[in-house]
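Student:
Residue numbers (the working numbering): 1 to 977.
#1: Tell me whether the beta-carbon of residue 916 lies closer than 8 Å to the beta-carbon of residue 697.
#2: Would you call the stretch 517–530 and the stretch 481–498 in contact, with 3 or more CB pairs under 8 Å?
#3: What residue from 755, 109, 462 and 774 has the CA that sits closest to residue 808's CA?
#4: Under 7 Å Cβ to Cβ from residue 571, same chain only, skipping five residues before and after it: list those, please.
#5: When you compare only the Cα positions, how much space is there between residue 168 and residue 220?
#6: Note down the Cα distance separating residue 699 from residue 833, rounded to an integer number of angstroms.
#7: Leaving out the 5 sequence neighbours to the left and right, which residues in its chain are closer than 6 Å to residue 652 when beta-carbon positions are compared?
#8: Roughly how many angstroms separate the alpha carbons of residue 333 and residue 315, rounded to a whole number?
#9: Is residue 870 helix, strand or coil when you go by DSSP?
#10: Which word fits residue 408, buried or exposed, when buried means at least 16 other C-beta atoms lie within 10 angstroms of its C-beta?
#11: Counting along the chain, where does the alpha helix (DSSP H) carrying residue 891 start and finish?
#12: Does the count of Cβ pairs from the stretch 352–370 and the stretch 136–151 closer than 8 Å reach three?
#13: Would DSSP call residue 109 helix, strand or coil?
#14: Within the stretch 665–744, note down every full beta strand (DSSP E) run reaching 3 residues or more, in order along the chain.
#15: When you compare the CB positions of residue 568 and residue 533, do they come within less than 8 Å of one another, or not?
#16: Within the chosen definition, does the stretch 713–724 reach the stretch 752–764 through at least 3 CB pairs nearer than 8 Å?
#17: Measuring CA to CA, which of 707, 516, 562 and 843 is closest to residue 664?
#18: Looking at residue 387 and residue 979, is the spacing between their C-beta atoms short of 8 Å?
#19: In terms of residues, what are the limits of the alpha helix (DSSP H) holding residue 258?
#20: Buried or exposed, going by whether 16 or more other CB atoms sit within 10 Å of the CB of residue 748?
#21: Can you tell me whether residue 396 is buried or exposed, with buried defined as 16 or more other CB within 10 angstroms of its CB?
#22: Output yes or no for whether 8 Å exceeds the beta carbon distance between residue 951 and residue 890.
#23: Whose C-alpha, out of 451, 629, 693 and 296, is nearest the C-alpha of residue 646?
#24: Quick check on residue 412: does DSSP put it in helix, strand or coil?
#25: Tell me whether the beta-carbon of residue 461 lies closer than 8 Å to the beta-carbon of residue 413.
#26: Alpha carbon to alpha carbon, how far is residue 249 from residue 784?
#27: Quick check: residue 446 and residue 513, are their CB atoms within less than 8 Å of each other?
#28: Would you say residue 193 and residue 184 are within 8 Å of each other, going by their C-beta atoms?
#29: I'd like the list of long-range same chain contacts for residue 667, defined as Cβ closer than 6 Å, with 5 residues on each side in sequence excluded.
#30: Can you tell me which of the three DSSP states residue 941 falls into?
#31: Label residue 598 either buried or exposed according to how many other C-beta atoms from any shown protein chain fall within 10 Å of its C-beta, with 16 as the threshold for buried.
#32: Note down the Cα distance separating residue 680 from residue 454, rounded to an integer number of angstroms.
#33: Looking at residue 325 and residue 308, is the spacing between their C-beta atoms short of 8 Å?
#34: Say whether the stretch 155–168 touches the stretch 116–127, bearing in mind that this needs 3 or more beta-carbon pairs closer than 8 Å, one atom from each stretch.
#35: Provide the residue span of the alpha helix (DSSP H) that contains residue 626, from first to last.
#36: Quick one: what's got a C-beta closer than 7 Å to residue 983's C-beta in the same chain, skipping five residues either side?
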């Protein structure tokens with residue numbers, strides 16, 4: 001069953017019987033010094049002894065390894081060639097076809113299948129696939145006649161393959177074990193007995209530092225770097241060594257060998273051997289009827305017992321091999337360790353790079369170097385095996401939190417590579433033409449993601465930035481789950497992650513600044529690099545965010561917007577000429593085309609919100625809304641009474657069909673005032689106040705003033721849907737709906753999960769108690785709380801049968817997470833779904849999703865904190881100047897106002913006491929001086945739609961103060977005297 005390596009000494013047959021103790025040679029299969037394999041053909045006599053006939057010789061020069069199954073034999077030569085032999089025919093070895101033109105470093109045979117390992121870490125298999133042992137996505141009955149790559153392991157840097165009866169295992173350079181094929185006895189170690197038809201990770205062996213694997217007929221043995229042996233699978237003959245004949249479905253430590261510093265393991269059909277190198281002892285266990293255990297017995301043994309070796313003090317045991325029913329130990333007078341023949345998996349290192357750089361100018365060597373560069377940089381497996389962090393075996397810790405790479409070494413090596421243009425150009429060509437097209441969207445395991453570190457690091461080299469489109473394509477083709485894992489790994493090294501993000505930001509800026517309507521390729525380049533940034537940001541947002549949002553910003557977007565604004569102005573001038581039938585020249589047509597081109601670019605930017613500073617998002621949001629409403633002629637008309645605004649609005653929504661894409665116009669009955677924006681602002685401001693006090697209760701407002709969905713839904717029908725509709729309509733019409741929802745609502749609308757921090761906003765006392773629970777050090781103190789995962793009389797259980805699951809220190813984090821989920825999700829599941837459905841109907845433009853949760857909240861609710869000095873600095877004037885006495889008096893009076901009075905003034909002037917986010921960065925009121933013969937008879941008036949204050953020409957500050965305060969305090973209604 002097991003691979004046999006390099007039997008250099010001549011093997012001499014000393015006996016023709018089965019032996020229960022080791023003799024000088026206890027195998028009937030071995031290599032001669034000339035590379036001739038001898039196999040003796042025989043059967044048993046009546047005494048049970050083996051009776052031999054002829055000895056067949058098979059010539060194979062420089063054979064260094066072999067493996068045999070039921071009907072075939074594989075020979076591996078020193079130069080990496082593989083030869084196959086049909087044992088039934090005993091013909092001369094035939095070279096196997098269809099291999100890649102690379103060296104083979106390992107061969108292994110099962111009963112009816114074979115697998116080999118290439119020097120770059122790829123595996124190829126062929127033979128019967130009856131139990132999925134080939135690892136290929138083929139029908140069970142398939143027989144594959146020629147070596148075929150195990151595509152599911154593409155990119156994984158494998159260092160060993162081994163084959164059992166009908167199952168196969170593979171080992172990666174960092175100790176990850178993969179298994180596939182027959183699993184009826186648990187021989188794959190996956191915890192079940194279901195066959196696997198493609199490779200899967202044996203998760204229970206992760207981080208165990210596995211260095212060797214071996215398969216028997218239906219069992220498996222694993223050796224860790226610390227000398228620990230684990231076995232699993234069939235135990236019917238005791239071959240697992242657990243003092244039991246039971247099967248094991250998951251890896252279990254062989255307790256009798258604990259602490260023995262085992263250095264090698266090998267499995268026969270139903271027995272296992274283990275070598276303890278320092279003590280020169282071999283232990284064996286399992287089937288012994290053929291004497292294969294070497295302990296003078298021919299009975300099975302279920303615990304490891306020493307093999308009775310000859311007393312040869314000068315001999316060192318170099319290797320052990322377990323055949324079907326035989327065992328063999330390779331001994332030598334030399335104390336040197338056995339050589340790794342014919343080679344190990346190829347990896348890029350500093351010595352290789354130094355050789356390339358120093359010899360690349362020599363024509364004879366350059367062709368060899370070019371081939372090596374192509375072999376190395378076209379192989380994902382080789383690159384994933386390169387630049388490993390071998391200090392303290394850190395690469396064995398490869399997981400979702402550790403890449404196993406030495407990033408300093410990686411950066412240094414690639415920087416050195418960039419010092420020779422000739423070599424660098426060859427590397428670029430191979431990566432572009434070979435490596436990037438070969439990458440898959442679902443790399444296996446964590447080791448399969450290492451190549452993306454190298455690709456991003458390469459983009460730091462200025463000469464290689466032209467690879468950015470190919471690298472972007474590779475990252476965009478990754479499955480979202482793989483991106484999340486990759487970002488999780490990068491976030492563990494913030495400096496690298498930040499560098500990666502900045503690299504794509506820089507490339508995006510470069511492409512964005514060179515946009516040209518005549519060169520659409522630049523547009524595609526920008527969209528792809530922006531897409532990468534968005535994927536990285538999205539994955540980061542769902543995990544532990546380690547970079548500020550501003551790091552992802554492509555600040556030159558603001559320049560693109562300014563260019564668009566300038567083009568719009570020039571376009572308007574040219575289109576004005578067309579109205580009067582003035583011919584537009586070629587320059588005018590170019591301006592019109594460029595404007596349309598830039599507008600399409602801007603509209604598409606909402607797909608990549610992470611690159612946009614908030615001021616850019618607000619401008620794009622306005623462009624989208626203007627474009628959407630201009631495309632839809634008509635309007636929605638709400639006629640309501642001020643005293644029954646909520647009741648009238650709900651009637652309008654329930655009884656009339658409204659196209660939500662139309663612009664909303666509001667009319668307060670029995671009041672003057674046309675709605676050019678200001679009336680709608682006041683309408684939603686009034687609605688928000690009434691909704692908080694509505695009966696039956698739609699919202700529950702806590703003592704901190706934060707509102708959440710009511711759980712009392714018995715008397716409610718469609719109120720939550722209509723509430724969502726009104727909030728969506730407010731957003732779509734650039735109005736404010738100041739309902740004091742917590743940030744958690746906006747997270748949920750954007751598909752993000754609320755956290756304990758969000759609970760602090762809604763229920764600070766409860767949140768504080770959970771924080772205290774998580775900080776508790778004593779297990780007893782946690783248990784004394786006498787809590788469980790059940791619910792109270794009103795709430796659901798946190799878990800099924802939660803009353804029977806007590807709270808402990810181990811499960812407290814899960815308890816807190818479930819409590820937060822109960823508050824924000826499970827307890828109001830119906831309410832939120834209806835609200836969300838209404839919100840999507842009320843705001844049919846999906847571009848609102850480009851905002852972050854806090855930005856979306858401010859966009860809907862407006863800004864409460866405002867720098868009042870900005871109001872004066874940004875003010876404009878009509879029929880007066882800032883130096884006029886009446887204007888100076890106005891600002892003196894305004895400065896004297898309390899904060900609440902200033903908010904009332906804002907409501908009087910704009911229709912709301914909060915600042916719309918879309919205007920907050922450039923809010924500007926207009927003060928228009930109105931001259932009357934008797935100004936004392938008039939009050940100030942506001943044109944709320946345009947933020948214009950009509951100020952009579954009062955003669956003194958006292959009159960101005962009195963009239964302004966009166967107007968502000970009694971401002972409800974439009975056109976009232």
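Virtual Cβ for every residue (Gly too), placed ideally from N, Cα, C.
Tutor: By the coordinates alone:
#1: no
#2: no
#3: 774
#4: 591, 592 and 595
#5: 10 Å
#6: 15 Å
#7: 638
#8: 5 Å
#9: helix
#10: exposed
#11: 885–896
#12: no
#13: strand
#14: 699–701 and 707–709
#15: no
#16: no
#17: 843
#18: Nothing about residue 979 can be read from this structure; the chain reaches only from 1 to 977.
#19: Taken as a continuous stretch (DSSP letters only), residue 258 belongs to no alpha helix (DSSP H), as it is neither H nor E.
#20: buried
#21: buried
#22: yes
#23: 693
#24: helix
#25: no
#26: 38 Å
#27: no
#28: yes
#29: 639
#30: strand
#31: buried
#32: 55 Å
#33: no
#34: yes
#35: 614–630
#36: The structure shown does not extend to residue 983, since the chain spans only 1 to 977, so no value can be given for it.
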